[in-house]
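With the first letter of the sequence shown counted as 1, position 453 gets the number 453 in the UniProt record's numbering; the numbers rise by one all the way through. These notes concern the structure reproduced below.
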Amino acid sequence: MEIIFGRNKEEHPQPIKAKVQGQLPTWLQGILLRNGPGMHTIGDTKYNHWFDGMALLHSFTFKNGEVYYRSKYLRSDTYNSNIEANRIVVSEFGTMAYPDPCKNIFAKAFSYLSHTIPEFTDNCLINIMKTGDDFYATGETNFIRKINPQTLETLEKVDYSKYTVVNLATSHPHYDSAGNVLNMGTSIVDKGKTKYVIFKIPPSVPEREKKKSCFKHLEVLCSIHSRSLLHPSYYHSFGITENYIVFVEQPFKLDMVKLATAYMRGVSWASCLTYNKEEKTWFHFVDRRTKKEVSTKFYTDALVLFHHVNAYEEDGHIVFDVIAYTDNSLYDMFYLKNLTKDFEENTKLTSMPTCKRFVVPLQYDKDAEVGSNLVKLPSTATAVKEKDGSIYCQPETLCEGIELPRINYDYNGKKHKYVYATEVKWSPVPTKISKLNVQTKEMLHWEEDHCWPSEPVFVPNPDAKEEDDGVVLTCIVVSDPKKAPFLLVLDAKTFKELGRAIIDVELHLDLHGMFIPEKDSKMETE
């Protein structure tokens with residue numbers, strides 16, 4: 001198990017030609033760019049949590065039937081400081097770093113004070129974001145790092161908080177048809193208020209300001225006030241429809257008082273996350289045209305969610321799909337002390353990830369009786385009017401045991417039929433990838449012994465006529481030391497293997513990423 005999780009991975013900055021088996025579609029030209037943790041030990045120090053490791057970017061470049069692999073550590077300020085000191089000196093969410101014991105008492109006291117409102121890490125290890133022609137490695141703090149998608153070189157650092165008041169931001173932005181980036185961040189106790197900020201970054205700047213960055217034109221669309229000043233909700237993603245932004249305020253929260261004192265108490269920031277299963281989960285819908293929040297109060301029972309699947313509007317309703325849990329055990333699973341050789345057999349999630357569909361009636365009969373179900377679409381999801389005028393929503397279950405969901409992004413915010421995901425069941429380790437038909441609930445699967453697939457990425461055929469006309473790409477880490485890892489290419493329609501690109505290097509388990517078509521990537525010749 002340490003082979004896969006705990007051991008530091010080597011980087012391979014020069015392209016390595018993969019051995020291609022099978023037949024790749026001739027139209028598949030571009031770069032699959034992925035991000036995730038690759039280094040967990042620095043000198044004599046070790047991160048506590050798998051999600052804390054140093055960001056290791058890796059890519060598969062498709063060019064005329066050939067595939068090239070490369071990988072490179074993100075040269076963040078955090079990485080450079082840690083490597084220079086040969087120990088972990090910058091705190092991550094699950095690992096608090098302390099000054100060298102040899103430092104004097106004044107340096108230590110200053111360090112304690114500066115951690116009350118922490119200077120967060122720029123170890124952007126979760127995803128890749130596109131802004132205009134540029135690409136950024138992203139985490140969940142206010143920092144992102146520009147990167148070169150061909151060479152994986154690290155370029156400048158961008159601080160969101162210079163352009164809008166946010167301390168944290170998601171790693172799952174959305175893109176509209178005009179190329180704008182839409183994202184959300186949390187503004188903690190600014191001018192006595194804690195709020196969730198929805199902002200837009202344009203893809204380009206006016207001609208006369210060519211030297212300025214797109215971020216200078218960042219626009220706040222709307223702010224949603226947190227229900228609690230000192231306990232903002234944690235969120236990893238949000239949803240978007242043609243006219244609305246969908247935000248779920250869950251009772252999985254950051255305790256700001258604990259966060260401010262974590263450093264002095266010798267605990268990690270992760271320990272300041274609390275889940276209250278007695279509380280409600282609130283749904284917020286922001287109208288993208290008026291930039292105002294829908295006034296009706298919609299809620300459901302307590303849940304924990306990391307990933308939205310998709311959302312769309314239909315006959316006066318907003319339909320949105322999420323992967324939900326009934327507790328917060330998932331994060332705890334990935335503490336490195338739990339990732340032992342018996343991990344696969346012994347570690348069981350106490351809550352299975354479930355793909356749930358909520359159907360929320362934005363337009364409904366205001367004279368409807370209390371206790372009546374306001375959903376008019378064919379679904380087992382309900383939305384019941386309460387005495388106080390709020391609406392209690394219960395979901396339809398689409399399927400159980402899937403995570404890291406992706407769709408054909410051309411259908412983002414529109415009615416979709418297919419979801420591609422890893423299959424995890426009761427273990428947090430993905431052993432299969434699947435395709436779910438949300439209308440019939442039928443599933444197709446791919447699996448192979450000793451293979452751990454990563455998040456599947458759908459790439460549409462440029463001449464596609466149907467939603468599932470394209471391929472699904474997934475990086476396969478192999479737990480059998482005698483077998484080499486590979487990139488798998490599946491026909492998205494049949495879920496049958498078209499081919500694989502085998503590489504003779506150790507692959508790391510990654511988190512998220514994107515496919516960059518050749519026309520968008522200014523590809524260099526290998």
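Idealized CB from N, CA, C, for every residue including glycine.
Buried versus exposed, by CB contacts within 10 Å (16 or more), residue i
i           : result
Lys108      : With a pLDDT of only 49 at Lys108, under 50, the local geometry of the prediction cannot be trusted, and no value is derived from it.
Thr95       : buried
residue 527 : Given that the chain is displayed from residue 1 to residue 526, the structure contains no residue 527 and the question cannot be resolved.
Gly22       : exposed
Ile16       : exposed
Ala178      : exposed
Gly401      : buried
Pro378      : exposed
Val370      : exposed
Arg289      : exposed
Gly38       : buried
Ile516      : buried
Lys72       : buried
Arg265      : exposed
Asn276      : exposed
Residue i (DSSP reduced to helix, strand or coil)
i      : result
Glu209 : helix
Val257 : helix
His172 : coil
Thr116 : A caution first: Thr116 carries a pLDDT of 49, below 50, which makes its placement in the model unreliable, though a value can still be read off. Correct three-state label for Thr116: coil.
Glu153 : coil
His508 : coil
Phe334 : coil
Met96  : coil
Ala501 : strand
Ala262 : helix
Lys195 : strand
Lys108 : Unreliable positioning characterises Lys108 in this predicted model, as indicated by a pLDDT of 49, which lies under 50. The coordinate reading is nonetheless provided below. Note: Lys108 maps to helix in three-state DSSP.
Phe238 : coil
His217 : helix
Ser351 : coil
Ser454 : coil
Ser223 : strand
Ser204 : coil
Lys162 : helix
Ser372 : coil
Ser233 : strand
Ser295 : coil
Ala311 : strand
Ser177 : coil
Ser187 : strand
Alpha-carbon to alpha-carbon, residue j and residue i
i      : j      : result
Ala324 : Tyr409 : 21 Å
Leu507 : Pro462 : 29 Å
Thr116 : Ser228 : Because the pLDDT at Thr116 is just 49, under 50, the model does not fix this residue reliably, and the value given afterwards should be weighed accordingly. Going by the C-alpha atoms only, they are around 19 Å apart.
Gly499 : Leu218 : 42 Å
Pro485 : Arg70  : 14 Å
Leu74  : Leu444 : 36 Å
Phe285 : Gly513 : 27 Å
Val438 : Asn412 : 14 Å
Glu518 : Pro460 : 13 Å
Val319 : Val67  : 39 Å
Ile407 : Leu436 : 10 Å
Glu403 : Glu423 : 6 Å
Pro25  : Gly139 : 33 Å
Thr45  : Ile31  : 34 Å
Asn142 : Met352 : 31 Å
Tyr196 : Ile502 : 43 Å
Val246 : His308 : 9 Å
Ala383 : Ala311 : 17 Å
Ser434 : Leu473 : 12 Å
Met333 : Asn64  : 41 Å
Asn82  : Phe62  : 34 Å
His236 : Lys387 : 32 Å
Endpoints, the alpha helix (DSSP H) within which residue i is located
i      : result
Glu518 : 518-521
Host beta strand (DSSP E) of residue i (start-end)
i      : result
Tyr299 : 298-300
Asp134 : 134-138
Tyr325 : 317-325
Leu273 : 273-275
Pro361 : 354-361
Asp491 : 486-491
Phe247 : 244-249
Please specify which runs of the beta strand (DSSP E), each continuous and at least 3 residues long, are wholly inside the region 377-436, giving them in chain order.
382-385, 391-394, 396-400, 402-406, 418-423
Continuous beta strand (DSSP E) assignments of at least 3 residues falling wholly in the region 65-92:
66-73
Could you name each continuous alpha helix (DSSP H) segment of 4 residues or more that falls completely within the region 12-60, going from the start of the chain to the end?
none
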